[in-house]
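One structure below.
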Amino acid sequence: MFEDVFVELEAALTAALQVAIDAGDQDAVERILRLIIKKEIVFELLVDEIIGNGNGNGNGNGNGNGNGNGNVV
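For what it's worth, the working numbering labels the leading residue of the sequence shown as 176, then goes sequentially.
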């Protein structure tokens with residue numbers, strides 16, 4: 176279920192990127208590419224929080240602060 180959301184989001188971003196490319200809108204292409212990169216970062220952070228990565232992550236205090244691992248959202 177969790178993965179489905181990101182699959183749908185990626186498909187929508189890919190479609191938007193293709194529209195921007197087809198239209199020749201370089202500014203839109205750059206903005207969409209930045210969104211795609213941010214989506215990847217958020218996805219990795221969420222996976223680390225949900226699954227854990229073996230180094231004690233996943234126990235943030237709920238206000239966007241991590242647990243000293245440098246991952247502050």
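All residues carry an ideal CB built from backbone N, CA and C; glycine is no exception.
No experiment lies behind these values; they were computed from the predicted model shown.
Legend entry - Check whether V204 and I211 have beta carbons under 8 Å apart: no
Inset, instruction - Grab me the residues of L150's own chain with a C-beta within less than 8 Å of its C-beta, minus the 5 sequence neighbours each way, in chain order. - result: The chain is shown only over 176 to 248; residue 150 falls outside these bounds and no answer can be derived.
Inset, instruction - Check the C-beta distance from L192 over to I207 and give it rounded, since I have them as a contact under 8 Å. - result: Between I207 and L192 the Cβ distance is about 5 Å, and since that is below 8 Å, they are a contact.
Legend entry - Reduced DSSP category for D200 - H, G, I as helix; E, B as strand; rest coil: coil
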